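Since the structure comes first, as structure tokens, the remarks are kept for the end.
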Amino acid sequence: MNTPLEDGQNLRYAEYVLGVLDADMRAEVAREVAVSDEAATAVALWQRRLLPLADTIGEVTPAPYVWARIQDALQLEAPARVTPRTGFWDNLQLWRWLGIGATAVAAALLVVVSLPRPTPVPAVANAGYMASTIQQDNGSAGWTATMDLEHARMVVVPATPVAFEQGRAPELWLIPAGGKPISVGMIDREKPTTLALDPALLAQLGPTAVLAVSVEPIGGSPTGQPTGAVIGKGAIGAAPNAGDRVALTGRGQADRTRV
Amino acid sequence: MSVTSPAERDELNRLLQQAGRNDQKAFAELYRRTSSKLFGVCLRMLHDRGEAEEVLQETYTTVWRRAASFDSAKASAITWLVTLSRNKAIDRLRQHREETLDDPAKLNETVDDQPTPAAGAETSQEYRRLQQCLEELEPQQQSSVREAFFTGATYNELAARCKVPLGTMKSWIRRSLMQLRTCLDQ
Chain A
11 MNTPLEDGQN LRYAEYVLGV LDADMRAEVA REVAVSDEAA TAVALWQRRL
61 LPLADTIGEV TPAPYVWARI QDALQLEAPA RVTPRTGFWD NLQLWRWLGI
111 GATAVAAALL VVVSLPRPTP VPAVANAGYM ASTIQQDNGS AGWTATMDLE
161 HARMVVVPAT PVAFEQGRAP ELWLIPAGGK PISVGMIDRE KPTTLALDPA
211 LLAQLGPTAV LAVSVEPIGG SPTGQPTGAV IGKGAIGAAP NAGDRVALTG
261 RGQADRTRV
Chain B
21 MSVTSPAERD ELNRLLQQAG RNDQKAFAEL YRRTSSKLFG VCLRMLHDRG
71 EAEEVLQETY TTVWRRAASF DSAKASAITW LVTLSRNKAI DRLRQHREET
121 LDDPAKLNET VDDQPTPAAG AETSQEYRRL QQCLEELEPQ QQSSVREAFF
171 TGATYNELAA RCKVPLGTMK SWIRRSLMQL RTCLDQ
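Chains as they are written, first to last, in our numbering: chain A, 11 to 269; chain B, 21 to 206.
This is the structure in structure tokens:
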């Protein structure tokens with residue numbers, strides 16, 4: 011059913027749906043659609059005709075932190091209510107859950123980690139994700155960090171806003187076992203922060219390393235090492251491939267986070 | 021994709037309507053069922069995972085805010101969602117197309133330009149019909165329409181990529197669109 015508007019010179023609704031118009035023309039058609047039923051109907055018709063092409067686009071599962079960011083942006087209720095689809099979603103839920111009642115859960119954690127495991131969790135062997143709950147000294151979670159190894163990125167989501175005095179801000183550190191802290195970057199107190207992980211940092215990620223947050227001047231530590239109080243620490247857990255049992259860090263790290 | 025069955029479509033429609041009534045659980049379930057599809061769409065257009073993640077986030081925050089305006093009589097939920105993500109991705113491309121297109125590093129994550137459905141993807145009856153109509157087009161015109169749809173490129177960009185004058189590209193696409201309409205509306 012062709013409306014008269016679509017005929018002759020007027021293919022711009024089709025062009026709009028196909029996506030070939032430049033920014034100005036797009037905006038013009040979008041305005042038209044908003045105010046004119048006729049235009050909206052014409053666009054809807056073209057969507058019905060052309061959108062089936064999207065059937066051929068393969069699905070790609072987004073990293074779990076995207077949902078965390080959406081929840082954060084919309085201030086939806088935590089904990090995440092997304093139910094597991096792959097093994098990693100289990101983990102996502104786990105780390106969010108950890109972020110809420112970390113102290114109460116610590117004992118349960120130790121039970122989980124002491125389940126028989128034939129081989130240690132490989133550090134970066136499984137391309138995928140790692141996660142960490144950065145606990146404050148009072149036992150409540152300060153931040154949760156997810157590391158996307160394949161794309162060398164870390165997203166740090168505040169669990170509860172932490173108060174800082176004027177001119178001070180949180181800086182995130184990676185502390186390799188027996189090594190010196192390496193700065194990962196400044197993180198936000200209230201919003202999720204995305205940090206790029208350079209190869210040197212990536213190489214150190216693993217269940218033997220710890221994340222820590224210290225109080226630093228706004229621009230970051232002037233010395234390259236933590237200068238202010240350390241207000242939170244968290245062990246790094248390797249995220250297993252889909253279907254695996256949730257893997258956590260060894261007992262040592264779980265203990266260390268409580269120091 | 022899994023939304024080819026009428027039952028699944030109805031279910032998504034229902035979830036989106038519930039989200040429109042501020043049902044967070046329905047919204048979370050909608051995300052669980054559709055985000056991989058929409059992320060595939062964003063990634064295909066933007067070629068950059070970080071940008072695709074941002075656009076996906078924008079898409080779903082808009083979904084939550086606008087879900088009440090969804091009308092299942094006009095479009096199915098999945099069409100509504102895919103359209104929204106495509107529009108956001110195209111807007112993003114228009115905002116800073118230079119960086120995205122001129123940086124070869126950004127092409128690394130290109131999802132293969134599949135002329136046929138991704139392995140394992142089920143296609144809808146609507147797709148098969150569209151495919152038949154596309155095959156009636158001249159090969160060059162057919163590939164221009166696909167390129168346009170999947171990459172969100174402007175006429176200018178398409179003409180440059182295919183090394184033809186702008187006028188030629190416009191007439192290829194417009195002729196194709198008219199032909200498709202005739203074929204599909206039979």
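Just so it is clear, CB atoms sit at the ideal spot from N, CA and C, and this is done for glycine as well. Keep in mind that this is a model prediction, so the values were computed, not measured.
Contact check for Ala141 (chain A) and Ala155 (chain A): beta-carbon distance about 7 Å, within the 8 Å limit, so the pair qualifies.
From the listed residues A:Ile67, A:Gly244 and A:Val27, the smallest Cα separation to Thr143 (chain A) is found for A:Gly244. Phe169 (chain B) places its beta carbon less than 8 Å from that of Gly29 (chain A). Here DSSP, grouped into helix, strand and coil, assigns Leu221 (chain A) to strand. DSSP places Pro72 (chain A) in the coil class of the three-state scheme, outside both helix and strand. Among the CB atoms of chain B, none fall inside 8 Å of the CB of Leu221 (chain A).
Residue state for Ile144 (chain A) is assigned as strand, using DSSP reduced to three classes. Taking 8 Å as the upper bound for CB-CB distance, Pro62 (chain A) and Tyr147 (chain B) are in contact here, some 4 Å apart.
Straight through space, the alpha carbons of Met196 (chain A) and Thr203 (chain A) are spaced by roughly 8 Å.
Here DSSP, grouped into helix, strand and coil, assigns Val165 (chain A) to strand. Segment contact: the segment 25–36 of chain B against the segment 86–102 of chain B, three or more CB-CB distances shorter than 8 Å; contact assigned.
Contact annotation: Leu76 (chain B) and Leu101 (chain B) have beta-carbon atoms that are not nearer than 8 Å. Put simply, the backbone Cα of Glu167 (chain B) is about 27 Å away from that of Tyr51 (chain B).
Note on geometry: alpha-carbon atoms of Val184 (chain B) and Met198 (chain B) lie some 20 Å from one another. Only those residues of the segment 63–86 of chain A whose C-beta falls short of 9 Å from the nearest C-beta of chain B are listed: Leu63, Ala64, Asp65, Thr66, Ile67, Gly68, Glu69, Val70, Thr71, Pro72, Ala73, Tyr75, Val76, Trp77, Arg79, Ile80, Gln81, Ala83, Leu84 and Leu86.
The C-beta of Gln44 (chain B) comes closer than 8 Å to at least one C-beta of chain A. Counting other Cβ atoms within 10 Å of its Cβ, Leu211 (chain A) reaches 16 or more and is therefore classed as buried.
Residue-level contact check: Leu204 (chain B) touches chain A, since one or more beta carbons of chain A fall below 8 Å from its beta carbon.
Residue contact check for Gly138 (chain A) against chain B: no CB pair falls below 8 Å.
With a cut-off of 8 Å on Cβ pairs, the segment 37–51 of chain B is not in contact with the segment 61–77 of chain B, counting fewer than three such pairs. In the DSSP assignment, Ser193 (chain A) is bridged to A:Trp183. According to the DSSP assignment, Ala179 (chain B) belongs to the alpha helix (DSSP H) that extends over Tyr175 to Cys182. In this structure, A:Asp34 is the residue among A:Asp34, A:Leu55, A:Asp147 and A:Gln146 with its C-alpha nearest to the C-alpha of Ile110 (chain B). The straight-line gap separating the alpha-carbon atoms of Leu207 (chain A) and Met164 (chain A) is approximately 7 Å. Sequence-distant partners of Val172 (chain A) (beyond 5 residues in either direction) whose C-beta falls short of 6 Å from its own C-beta, in its chain, are Gly152 and Arg199.
Taking 7 Å as the cut-off between beta carbons, the residues of the segment 77–95 of chain B near chain A are Gln77, Tyr80, Thr81, Trp84, Lys94 and Ala95, in sequence order. In the three-state reduction of the DSSP assignment, Arg41 (chain B) falls in the coil class.
The CB of Ser144 (chain B) comes closer than 7 Å to the CB of Pro62 and Asp65 in chain A, given here in chain order. Nothing from the segment 197–226 of chain A brings a Cβ to less than 7 Å from some Cβ of chain B.
In this structure, DSSP gives Asp158 (chain A) an extended state, which the three-state scheme calls strand. By the Cβ neighbour-count rule, Leu36 (chain B) is buried, with 16 or more other Cβ atoms within 10 Å of its own. Closest by C-alpha distance to Gly242 (chain A), out of A:Leu60, A:Pro180 and A:Asp47, is A:Pro180. Taking a contact as a CB-CB distance under 8 Å, the pair Glu73 (chain B) and Pro72 (chain A) counts as one, their CB atoms being some 6 Å apart.
Of all alpha-carbon atoms in B:Leu63, B:Ser25 and B:Val83, the one lying nearest the alpha-carbon of Gln44 (chain B) is that of B:Val83. A direct Cα-to-Cα measurement between Arg106 (chain B) and Glu177 (chain B) gives close to 17 Å.
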